[in-house]
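Residue numbers (my numbering), protein chains in the order written: chain X, 37 to 457; chain E, 37 to 457. The beta-carbon is built from N, C-alpha and C at its ideal position, and this holds for glycine as well. What you are looking at is a predicted structure, and each value in this text was computed from that prediction instead of being measured. A short write-up of the structure that comes next.
2 protein chains.
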Amino acid sequence: MDLKNQILQIAENAKEACPVLGGLNSRQKNRVLERMAQTLLKQSRTILKENKKDLEQAEKTGHPNAFLDRLRLTEETLKEMALGLQEVALLPDPVGEVSGLWTRPNGLQVGRMRIPLGVIGFIYESRPNVTVDAAGLCLKSGNAVILKGGSEAIRSNLVLTKSLQECLIQEGIPQGAVQTIPTTDREATAELLKLEEYIDLVIPRGGEGLIRMVTAQARMPVLKHYKGVCHIFVDQGADIPMAYQICMNAKIQRPGVCNAMETLLVHKETAKEFLPGMAHRLRQEGVEIRGCPATLKIIGKGKGIREAKEADWYEEYLDLILAVRVVGSLKEAVAHIHQYGSKHTEAIITRDYERAHEFLKSVDSSVVLVNASTRFNDGFQLGLGAEIGISTSKLHAFGPMGLNELTTTKFIVFGQGQVRS
Amino acid sequence: MDLKNQILQIAENAKEACPVLGGLNSRQKNRVLERMAQTLLKQSRTILKENKKDLEQAEKTGHPNAFLDRLRLTEETLKEMALGLQEVALLPDPVGEVSGLWTRPNGLQVGRMRIPLGVIGFIYESRPNVTVDAAGLCLKSGNAVILKGGSEAIRSNLVLTKSLQECLIQEGIPQGAVQTIPTTDREATAELLKLEEYIDLVIPRGGEGLIRMVTAQARMPVLKHYKGVCHIFVDQGADIPMAYQICMNAKIQRPGVCNAMETLLVHKETAKEFLPGMAHRLRQEGVEIRGCPATLKIIGKGKGIREAKEADWYEEYLDLILAVRVVGSLKEAVAHIHQYGSKHTEAIITRDYERAHEFLKSVDSSVVLVNASTRFNDGFQLGLGAEIGISTSKLHAFGPMGLNELTTTKFIVFGQGQVRS
């Protein structure tokens with residue numbers, strides 16, 4: 037079979053699984069998830085053997101250690117993956133919930149029933165744990181999923197998918213519910229992204245390059261964020277120790293992720309008091325500072341401190357680097373965020389009631405926080421129970437996406453013979 | 037200025053108006069809507085004069101009467117348009133509503149705040165009343181709108197937009213909030229659909245050709261339905277007089293609209309009792325019947341009754357024509373709908389509790405009804421208060437779209453210094 041037909045076949049399998057998946061009750065779905073968790077542990081030797089082959093290949097082709105770490109599976113990570121599936125089983129099932137059921141003047145009862153989206157295409161890098169996470173979330177929300185992971189993880193993804201499919205079959209669910217594209221051919225993704233009649237939504241997860249490629253090629257809706265240029269604004273009169281604690285957490289706790297702070301904005305009235313201590317703490321942790329002229333006037337140039345260029349305000353460093361700018365007002369901070377931001381996550385540190393609310397209202401980002409770290413933009417942390425990604429597109433979902441965001445609603449209407457006049 | 041820059045300027049104006057629009061409270065928005073209603077009535081002579089020029093031009097170029105009817109404005113239609121704006125003013129304002137505000141174990145309070153989408157592109161045919169409807173709904177939901185109506189209505193749309201913009205300026209709102217593309221150049225739409233950085237959503241309304249053109253060209257999300265191939269399934273043991281009443285309403289009350297019935301499915305156990313009376317009623321109203329062999333066996337061939345071809349099951353007639361098929365079971369009816377339907381609107385006529393619920397659950401359409409006419413798929417009729425269109429895409433909105441569907445939510449988080457551990 038040629039590639040095009042192979043991908044088409046996979047899409048057809050997925051589509052065919054949808055009515056079955058949509059009709060499963062929570063107990064059935066949770067039983068499969070539990071079985072999947074057990075099976076991953078039981079088959080750990082086989083899985084780790086395949087993963088080892090991927091690792092050896094990746095080492096040979098000179099991938100860096102950070103890459104190998106993400107690719108590597110261990111008994112420990114398999115246990116975490118199994119636990120993740122069990123946690124998804126414990127989450128409330130969004131499917132079938134009817135909200136509303138209001139009554140119209142003519143007696144029609146109208147409500148909205150939550151239903152799965154259908155078929156989800158999930159495109160990601162060489163992180164085999166994501167294969168299992170995504171499969172679990174899609175299954176619980178009643179969706180079929182077509183997985184396309186990074187080519188370096190192909191053996192790991194195939195053996196994991198095989199284990200999951202065994203569980204599906206044992207529970208009488210078509211294996212089209214969870215499929216992995218069984219090739220590393222780049223054309224496979226291009227073919228997949230053409231199948232708008234089969235695939236309802238594509239979620240790409242990974243670097244900006246991958247996401248832009250997917251968005252440019254996809255004929256169906258794509259939920260994604262390109263990057264997270266996250267800001268913290270330290271307001272006039274802010275609680276300075278709190279500001280230090282939050283800024284350090286947002287910058288250094290995990291600098292390589294999308295909700296880490298990339299630009300620090302400081303109100304001019306608080307800059308002199310705040311910035312020297314902040315710079316000292318950042319430098320102690322090895323953070324390079326790229327400051328505006330006003331910032332440098334206060335903290336001085338020196339080792340690891342240099343002037344920011346215009347391009348720095350747009351930058352998602354994903355590293356121990358921070359852009360710092362002194363602004364004249366909250367308005368100026370908001371304007372900076374609008375101009376350079378990515379609609380991802382922004383926070384204000386303030387003691388002022390009015391300005392807290394003004395910031396919340398006027399910043400146009402998926403998560404806006406008062407007196408808390410940007411690192412909280414995460415489905416688990418915000419209480420969605422799980423996360424399949426973060427969207428900075430405003431349509432359908434804006435912010436972290438959990439099980440609910442993998443569903444939609446249809447209208448249901450109960451009548452007694454009503455016609456329209 | 038060349039066309040490309042002209043369109044870009046319009047998009048920039050719209051984007052610039054967004055922060056102002058997003059910050060308006062309901063009273064301010066309702067005051068503008070009321071002023072717009074008054075102004076349309078005051079300026080009726082000028083408006084009707086421009087509309088007359090459009091009409092004369094359209095007559096000269098040989099457009100049919102139905103087309104001219106849709107293009108024509110009168111004192112009466114202007115009154116209706118003004119009333120429509122006043123009704124939108126009375127609707128609840130979705131913007132700013134915070135849902136949730138749950139508390140996380142670490143004390144963070146997390147909620148979702150409803151916000152405008154931003155800039156909406158609205159592309160439609162030569163119906164100048166839609167210009168005012170769309171402007172009113174976008175304004176009330178805090179969005180800027182860029183309107184591109186059919187070229188035959190250009191003078192009407194420009195004079196209407198000018199009236200609306202006068203009201204905006206008088207209320208201190210940038211006129212970028214409501215703009216009409218001031219050219220009939222087809223390239224204008226193509227340019228507009230490239231501006232994904234400026235336009236958050238495009239809604240096309242009109243024939244399938246227009247909608248397919250927009251969807252193919254747009255780089256931003258598009259909410260639309262291509263067509264409405266709506267089904268009614270008359271179940272075994274259905275209340276036959278009720279079925280007649282609903283089917284006649286769904287077929288003939290307004291055959292040219294997307295929620296009219298196009299295919300009638302009849303359970304084999306009820307076909308003999310139901311179909312002769314149904315055929316008689318349809319023929320009395322001049323409806324042509326295209327039946328499956330089993331249907332023709334019962335009602336016979338004859339004037340206005342002929343055999344359906346495979347293509348008929350896919351057809352959106354928008355006319356006094358009905359495809360009729362006898363099916364062996366509810367499952368077969370659902371399978372027919374899945375294969376040939378358009379996910380728009382389907383109804384079951386039944387007395388059976390279990391089968392009513394099975395139909396509701398298993399039919400994958402934006403509106404599914406029991407014992408009511410498909411004609412109820414409409415924002416007003418279902419209680420949304422207004423309608424800007426109907427979506428059969430599942431993302432963001434599925435079914436009629438009212439003010440809420442022109443908004444999204446962002447997460448807001450109130451902290452007291454929380455950091456992530």
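Test: residue i CB closer than 9 Å to a CB of chain X
i, result
"E:G245", "no"
"E:R285", "Looking at the sequence itself, residue 285 of chain E is Asn, so the reference to Arg does not match. Judged by the 9 Å Cβ criterion, E:N285 is in contact with chain X."
"E:F412", "yes"
"E:Q54", "Before going on, a small fix: residue 54 of chain E reads as Cys here, not Gln. So, interface residue."
"E:L194", "no"
"E:K89", "no"
"E:D271", "no"
Residue-chain proximity (residue i, chain E), Cβ-Cβ < 9 Å
i, result
"X:L482", "As shown, chain X starts at 37 and ends at 457. That puts residue 482 of chain X outside it, with no answer to give."
"X:V403", "yes"
"X:L431", "yes"
"X:L183", "no"
"X:T306", "no"
"X:L259", "yes"
"X:M278", "yes"
"X:G59", "yes"
"X:G425", "no"
"X:H303", "no"
The alpha helix (DSSP H) enclosing residue i, as first and last residue numbers
i, result
"X:Q253", "244 to 253"
"X:I282", "276 to 288"
"E:N66", "62 to 78"
"X:G415", "415 to 418"
"X:I460", "Residue coverage of chain X in this structure runs from 37 to 457, which leaves residue 460 of chain X outside it and unanswerable."
"E:H372", "366 to 376"
"X:C266", "Per DSSP, X:C266 belongs to no alpha helix (DSSP H); it is in the beta strand (DSSP E), 266 to 270."
"X:V399", "First-last for X:V399: undefined, no H or E at that position."
Chain-ordered neighbours of residue i on chain X, where CB pairs are closer than 9 Å
i, result
"E:R361", "By Cβ distance, chain X contributes nothing, its closest Cβ being about 20 Å from E:R361, past 9 Å."
"E:L144", "L405, A408, F412, Q417, L418, G419"
Residue interval of the beta strand (DSSP E) (run including residue i)
i, result
"X:I160", "Note that residue 160 of chain X is Tyr in the sequence shown here, rather than Ile. Looking at the DSSP string, the run of the beta strand (DSSP E) that includes X:Y160 is 155 to 160."
"E:H261", "It is not in any beta strand (DSSP E) - E:H261 carries neither H nor E in the DSSP assignment."
"E:P218", "Unbroken run through E:P218: none, as it is neither H nor E."
"X:R106", "Careful: X:R106 lies outside any beta strand (DSSP E), inside the alpha helix (DSSP H) at 101 to 107."
"X:I357", "357 to 363"
"X:N179", "Neither: X:N179 is in no beta strand (DSSP E) and is coded neither H nor E."
"X:Q145", "145 to 152"
"E:K430", "Neither: E:K430 is in no beta strand (DSSP E) and is coded neither H nor E."
"E:I326", "For the sequence presented, residue 326 of chain E should be read as Arg rather than Ile. Looking at the DSSP string, the run of the beta strand (DSSP E) that includes E:R326 is 324 to 327."
"E:A383", "381 to 385"
"E:G336", "Looking at the DSSP string, E:G336 is not in any beta strand (DSSP E), and its letter there is neither H nor E."
Beta-carbon neighbours of residue i, restricted to chain E and to distances below 7 Å
i, result
"X:T386", "The premise fails here: X:T386 is roughly 11 Å from chain E at the closest Cβ pair, so nothing lies under 7 Å."
"X:T428", "By Cβ distance, chain E contributes nothing, its closest Cβ being about 10 Å from X:T428, past 7 Å."
"X:G435", "K446, F447"
Contact set for residue i: own chain, Cβ-Cβ below 6 Å, skip 5 residues either direction
i, result
"E:G340", "R319, E324"
"E:S192", "E86, N87, D90, P164"
"X:E321", "I288"
"X:E244", "Y262, K263"
Under 7 Å from the C-beta of residue i: neighbouring residues of chain X
i, result
"E:W138", "G419"
Same chain only: Cβ atoms within 7 Å of residue i, ignoring 5 sequence neighbours per side
i, result
"E:S177", "P130, V131, P152, L439, L442, T443"
"X:M314", "Y280, C283"
"X:T317", "What sits at residue 317 of chain X in the sequence shown is Arg, not Thr. Excluding sequence neighbours, X:R317 sits near Y280, M284."
"E:I334", "A307, K308, L311, P312"
"E:E227", "L39, K40, I43"
"X:D414", "N295, E423, P436"
"E:Y350", "V265, Y376"
Beta-carbon neighbours of residue i, restricted to chain E and to distances below 9 Å
i, result
"X:F450", "A392, L396, L405, V406, N407, A408"
Beta-carbon neighbours of residue i, restricted to chain X and to distances below 8 Å
i, result
"E:R317", "By Cβ distance, chain X contributes nothing, its closest Cβ being about 13 Å from E:R317, past 8 Å."
"E:R63", "By Cβ distance, chain X contributes nothing, its closest Cβ being about 16 Å from E:R63, past 8 Å."
Residues near residue i by beta carbon distance below 8 Å, same chain, minus five either side
i, result
"E:V168", "M72, L76, M117, G120, L121, L196, L200"
_Three-pair Cβ contact test at 8 Å for the stretch 427 to 435 of chain E versus the stretch 208 to 223 of chain E_ = Pairwise C-beta distances place the stretch 427 to 435 of chain E out of contact with the stretch 208 to 223 of chain E, as fewer than three of them are shorter than 8 Å.
*Any 3 or more C-beta pairs closer than 8 Å across the stretch 193 to 201 of chain E and the stretch 249 to 264 of chain E*: Between the stretch 193 to 201 of chain E and the stretch 249 to 264 of chain E, the count of Cβ pairs shorter than 8 Å is below three; the stretches do not touch.
*Evaluate contact between the stretch 357 to 365 of chain E and the stretch 299 to 309 of chain E, counting only Cβ atoms and requiring at least three cross-stretch pairs below 8 Å.*
By the Cβ test, the stretch 357 to 365 of chain E is in contact with the stretch 299 to 309 of chain E, since at least three Cβ pairs between them sit closer than 8 Å.
_Proximal residues, the stretch 150 to 183 of chain E versus chain C, C-beta separation under 8 Å_ = No chain C appears in the structure shown, which is made up of the protein chains X and E.
_I want to know whether the stretch 371 to 386 of chain X touches the stretch 115 to 123 of chain E - three or more CB-CB distances under 8 Å._
In short, these stretches do not touch, since the Cβ pair count stays below three.
*asked:* Counting beta carbon pairs with one atom in the stretch 271 to 279 of chain X and one in the stretch 443 to 457 of chain X, are three or more of them shorter than 8 Å?
replied: Contact fails: fewer than three Cβ-Cβ distances are below 8 Å.
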